[in-house]
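J.: So the protein sequences, as listed, match chains A and B. 1 is the number of the first residue of the first sequence in the working numbering; add one for each residue after it. 311 is the number of the first residue of the second sequence in the working numbering; add one for each residue after it. C-beta atoms are modelled at their ideal positions from N, C-alpha and C, and glycine is treated no differently. The structure displayed is predicted, hence computed values, not measured ones.
2 protein chains.
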Amino acid sequence: MVVLLATSHTDEVELWRRLLEKRLPGVELRIYPAIGEPSDIEVALAWKAPHGLLATLPQLRMVCSLGMGVDHLLDDPTLPSGVVIARLVDSNMVEQMSEYALYGVLHFHRRFDVYERFQSEHRWQELPLPHTAARRVGVMGLGEIGADCARKIRSLGFPVSGWSRTPKSLPGIQCHTGKEGLNAFLADVEILLLLLPLTERTAGIIDARALGRMPHGSYLVNLARGGLVVESALLDALERDHLAGALLDVTAVEPLPPDHPLWTHPRVKITPHIAGLTNPLTAIEPIARNIERLMAKQPVTHAVDRERGY
Amino acid sequence: MVVLLATSHTDEVELWRRLLEKRLPGVELRIYPAIGEPSDIEVALAWKAPHGLLATLPQLRMVCSLGMGVDHLLDDPTLPSGVVIARLVDSNMVEQMSEYALYGVLHFHRRFDVYERFQSEHRWQELPLPHTAARRVGVMGLGEIGADCARKIRSLGFPVSGWSRTPKSLPGIQCHTGKEGLNAFLADVEILLLLLPLTERTAGIIDARALGRMPHGSYLVNLARGGLVVESALLDALERDHLAGALLDVTAVEPLPPDHPLWTHPRVKITPHIAGLTNPLTAIEPIARNIERLMAKQPVTHAVDRERGY
Numbered sequence: 001m002v003v004l005l006a007t008s009h010t011d012e013v014e015l016w017r018r019l020l021e022k023r024l025p026g027v028e029l030r031i032y033p034a035i036g037e038p039s040d041i042e043v044a045l046a047w048k049a050p051h052g053l054l055a056t057l058p059q060l061r062m063v064c065s066l067g068m069g070v071d072h073l074l075d076d077p078t079l080p081s082g083v084v085i086a087r088l089v090d091s092n093m094v095e096q097m098s099e100y101a102l103y104g105v106l107h108f109h110r111r112f113d114v115y116e117r118f119q120s121e122h123r124w125q126e127l128p129l130p131h132t133a134a135r136r137v138g139v140m141g142l143g144e145i146g147a148d149c150a151r152k153i154r155s156l157g158f159p160v161s162g163w164s165r166t167p168k169s170l171p172g173i174q175c176h177t178g179k180e181g182l183n184a185f186l187a188d189v190e191i192l193l194l195l196l197p198l199t200e201r202t203a204g205i206i207d208a209r210a211l212g213r214m215p216h217g218s219y220l221v222n223l224a225r226g227g228l229v230v231e232s233a234l235l236d237a238l239e240r241d242h243l244a245g246a247l248l249d250v251t252a253v254e255p256l257p258p259d260h261p262l263w264t265h266p267r268v269k270i271t272p273h274i275a276g277l278t279n280p281l282t283a284i285e286p287i288a289r290n291i292e293r294l295m296a297k298q299p300v301t302h303a304v305d306r307e308r309g310y
Numbered sequence: 311m312v313v314l315l316a317t318s319h320t321d322e323v324e325l326w327r328r329l330l331e332k333r334l335p336g337v338e339l340r341i342y343p344a345i346g347e348p349s350d351i352e353v354a355l356a357w358k359a360p361h362g363l364l365a366t367l368p369q370l371r372m373v374c375s376l377g378m379g380v381d382h383l384l385d386d387p388t389l390p391s392g393v394v395i396a397r398l399v400d401s402n403m404v405e406q407m408s409e410y411a412l413y414g415v416l417h418f419h420r421r422f423d424v425y426e427r428f429q430s431e432h433r434w435q436e437l438p439l440p441h442t443a444a445r446r447v448g449v450m451g452l453g454e455i456g457a458d459c460a461r462k463i464r465s466l467g468f469p470v471s472g473w474s475r476t477p478k479s480l481p482g483i484q485c486h487t488g489k490e491g492l493n494a495f496l497a498d499v500e501i502l503l504l505l506l507p508l509t510e511r512t513a514g515i516i517d518a519r520a521l522g523r524m525p526h527g528s529y530l531v532n533l534a535r536g537g538l539v540v541e542s543a544l545l546d547a548l549e550r551d552h553l554a555g556a557l558l559d560v561t562a563v564e565p566l567p568p569d570h571p572l573w574t575h576p577r578v579k580i581t582p583h584i585a586g587l588t589n590p591l592t593a594i595e596p597i598a599r600n601i602e603r604l605m606a607k608q609p610v611t612h613a614v615d616r617e618r619g620y
């Protein structure tokens, strides 16, 4: 079995090599662009691989995403249709995402955004604090990550609503579904967390209309994909004081261009796509298991349904 | 029964009156400074009452603190010795304190302090992220609040150590005790949370020596009392890069004077004593129950041991 590694994180290539050779000694690893004979390659481990690359591998059977999302694969129009795409689901990354989500909720709930400004003014002033049990948090996307976030936020005493494309049922979470459930979901959410995959259906889902449904003075935390949000509508909602703040780990264009207005908006906090970082030390295991399943002709886990887009 | 309310939060006086009259209809409430006949008063509800006031009430039997700490009462040298002092333990405030503690841990663990600086430089740069399971958090003080914080931080996957004056045992927490346990406790704690009461024994406990025991690059979160920390030693440890950052909700002098160097230190984050705010709506219940116990000649709960100071 020959596996190709094609990642934009070139600093991690040697670590992946060591881990893969140790975990799957029989497997030969090639590192893009040193592909060798293309027809040798049956599996590709990919993160933002160049479009067109995978189509040049005639014997390719599976692509393992090195990140949790697969939009970086599916937006390659030449992606061969017969190849299995596997998402990466690593409990360590789920844990990281939930940490970021909890941080975002507490940041706005406890007004650390305002206290930061007060500090710059040397101002010692207490603000009123709404009861945790009265601050509804909304989680959009109830997959592995969304469900873990919802549960952990709930356990701190926040009421939590969830929204997903297909009906879900989670203990203690008020679940909404589909287009028809979206307005009701948004209407009473004070802190909205985005944890959706980026697909044809979800691109731009947080537009002027959706933002308008959210209560006056609410907050947005996007730790999924920048493309979910119409950034001009977000800036407009912040400008009109309809939205009180946003914490964005992802933006439509990454890296965020130095002259982009999101960098300097006083009520926007930016982090550079770090909510869930792939750690090869923990990600190697689910990836190696999927390679073993493929070799044993067993179904791989977390295979992507291309129709739904994740 | 006549109860005196003496609080520096004068904006909450009418709310306390409404709540107390509703919960304990037989009780007469007087609001400082309108004391009336001093010998009528058997109970005082106090937050930062003027020193000397309580000594003028000859029939005083109990003082209920309106905050979780009682250092604001015990530092009054005229405090009558025969009077019962009751701490306020309100599960809502415990929840608030744990929210703040979790926020502080995540703030430093996930490097939001550094990403804030990056944003000001329009810099999109990922930093390495240590595994949550490799980041030891230390909780000093394992009372109601410390125990709740330790449990919640542990549940996110952080290894947690605790330190307390008397031996404690908490599931999953490495517990250290007393002076002899302090050095070992501090030596492997990367994020230190202070949740101790301020007493003769704990004043200045975080001095140059204690800070020196903490690992290079560690963080301090103080959400208890400013007097626990020797601020000159803290500033020195930050200056020497021994400590990587501090989040302080409390300072030796409050409000923090406008020209104090803590306001402007680039690695210090300040909030104005808001980690746990007394909410009369929830605090009324434990206070009313203690008044009822006193009237029924039953022992009050959370009575202070003046010798130990809390």
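1. Shorter than 8 Å from the beta carbon of residue 418 of chain B to some beta carbon of chain A?
2. Leaving aside the five residues before and after residue 311 of chain A along the sequence, list all residues of the same chain whose C-beta is less than 7 Å from its C-beta, in chain order.
3. Within the stretch 499 to 551 of chain B, note down every full beta strand (DSSP E) run reaching 3 residues or more, in order along the chain.
4. Could you tell me whether the Cβ atoms of residue 270 of chain A and residue 24 of chain A are closer together than 8 Å?
5. DSSP has residue 486 of chain B in a bridge; who is on the other side?
6. Hey, residue 578 of chain B and residue 558 of chain B are a contact pair by Cβ (cut 8 Å); roughly how many whole angstroms apart?
7. So what's residue 479 of chain B in DSSP terms, helix, strand or just coil?
8. By Cβ distance, which residues of its chain are closer than 6 Å to residue 13 of chain A, with the 5 residues on each side in sequence left out?
9. Determine which residues of the stretch 562 to 587 of chain B have a Cβ less than 9 Å from any Cβ of chain A, and write them out in chain order.
10. Say whether chain A places a C-beta atom closer than 8 Å to the C-beta of residue 326 of chain B.
11. By a C-beta neighbour count over all protein chains shown, 10 Å radius and 16 as the cutoff for buried, is residue 500 of chain B buried or exposed?
12. Go through the stretch 393 to 474 of chain B residue by residue and report every complete run of the alpha helix (DSSP H) that reaches 4 residues or more, in order.
13. In or out: residue 613 of chain B buried (at least 16 other Cβ within 10 Å) or exposed?
14. Would you say the stretch 158 to 174 of chain A touches the stretch 224 to 241 of chain A, given that touching needs at least three Cβ pairs under 8 Å?
15. Let me check understanding here. Comparing Cα to Cα, which of A/147, A/282, A/130 lies closest to residue 588 of chain B?
16. Tell me which residue opens and which closes the beta strand (DSSP E) that residue 30 of chain A is part of.
17. Could you please give me the residues that DSSP links to residue 41 of chain A through a beta bridge?
18. Nearest to residue 200 of chain A by CA position, among A/79, A/68, A/59, A/309, is which residue?
19. According to DSSP, which residues form a beta bridge with residue 361 of chain A?
20. Any C-beta of chain A sitting closer than 8 Å to the C-beta of residue 405 of chain B?
21. Can you round the beta-carbon distance between residue 422 of chain B and residue 103 of chain A to whole angstroms, since I take them to be within the 8 Å contact cut?
22. Is it right to say residue 128 of chain A is buried, meaning 16 or more other beta carbons lie within 10 angstroms of its own, or is it exposed?
23. Exposed or buried, what is residue 551 of chain B when buried is set at 16 or more other beta-carbons lying within 10 Å of its beta-carbon?
24. Assuming residue 533 of chain B and residue 560 of chain B make a contact with CB atoms under 8 Å, what is their CB distance in whole Å?
25. So that I know if they touch, is there some Cβ in chain B lying closer than 8 Å to that of residue 122 of chain A?
26. Should the stretch 394 to 404 of chain B be called in touch with the stretch 81 to 101 of chain A, which here means at least 3 C-beta pairs below 8 Å?
27. With 16 as the cutoff for other CB atoms within 10 Å, does residue 152 of chain A come out buried or exposed?
28. Going by beta-carbon coordinates alone, are residue 45 of chain A and residue 287 of chain A separated by less than 8 Å?
29. Out of curiosity, what's the CA-to-CA distance linking residue 378 of chain B and residue 235 of chain A?
30. Interface residues of chain A around residue 428 of chain B at Cβ under 9 Å?
31. Residue 372 of chain B bridges to which residues according to DSSP?
32. Just to confirm my understanding: we take residue 203 of chain A, look at its own chain, exclude 5 residues before and 5 after, and list those with CB closer than 6 Å. What are they?
T.: Inspection of the coordinates gives the following:
1. Residue-level contact check: residue 418 of chain B does not touch chain A, since none of the beta carbons of chain A fall below 8 Å from its beta carbon.
2. Chain A is shown from 1 up to 310; residue 311 of chain A falls before or after that span and cannot be answered.
3. DSSP runs (the beta strand (DSSP E)) wholly in the stretch 499 to 551 of chain B: 501 to 504, 528 to 532.
4. Not closer than 8 Å, so no.
5. Per DSSP, B/473.
6. With a Cβ gap of about 7 Å, residue 578 of chain B and residue 558 of chain B count as contacting.
7. Coil, per DSSP.
8. The beta carbon of residue 13 of chain A lies closer than 6 Å to those of 31 in the same chain, with the five residues before and after it left out.
9. Under the 9 Å Cβ criterion, the stretch 562 to 587 of chain B contributes 564, 565, 566, 567, 568, 569, 570, 573, 574, 578, 579, 580, 581, 582, 583, 584, 585, 587.
10. Not closer than 8 Å to any Cβ of chain A, the Cβ of residue 326 of chain B fails to qualify, so no.
11. That one is buried.
12. Runs found: 401 to 419, 422 to 430, 454 to 465.
13. In summary, residue 613 of chain B is exposed, with fewer than 16 beta-carbon neighbours lying within 10 Å of its beta-carbon over all protein chains present.
14. No, the stretch 158 to 174 of chain A is not in contact with the stretch 224 to 241 of chain A.
15. Residue A/130 is the option with its Cα nearest to residue 588 of chain B.
16. Unbroken beta strand (DSSP E) run through residue 30 of chain A: 28 to 31.
17. A/2, per the DSSP bridge assignment.
18. Comparing alpha carbon positions, the residue from A/79, A/68, A/59, A/309 closest to residue 200 of chain A is A/309.
19. For chain A, the structure presents residues 1 to 310; residue 361 of chain A sits outside this window and is missing.
20. Yes - at least one Cβ of chain A is within 8 Å of the one on residue 405 of chain B.
21. With a Cβ gap of about 7 Å, residue 422 of chain B and residue 103 of chain A count as contacting.
22. Exposed: under 16 other Cβ atoms inside 10 Å.
23. Using a 10 angstroms sphere on the CB of residue 551 of chain B, the tally of other CB atoms stays under 16, which defines it as exposed.
24. Right, the Cβ-Cβ distance comes to about 7 Å (below 8 Å), so this counts as a contact.
25. Chain B contact via Cβ: present.
26. At 8 Å Cβ cutoff, the stretches do not touch.
27. Classification for residue 152 of chain A: buried.
28. Taking 8 Å as the cut-off, the Cβ atoms of residue 45 of chain A and residue 287 of chain A count as close.
29. Their backbone Cα atoms lie some 41 Å apart in a straight line.
30. The CB of residue 428 of chain B comes closer than 9 Å to the CB of 270, 271, 272 in chain A, given here in chain order.
31. Per the DSSP secondary-structure output, residue 372 of chain B pairs in a beta bridge with B/353, B/394.
32. So the list reads 227, once near-sequence residues are dropped.
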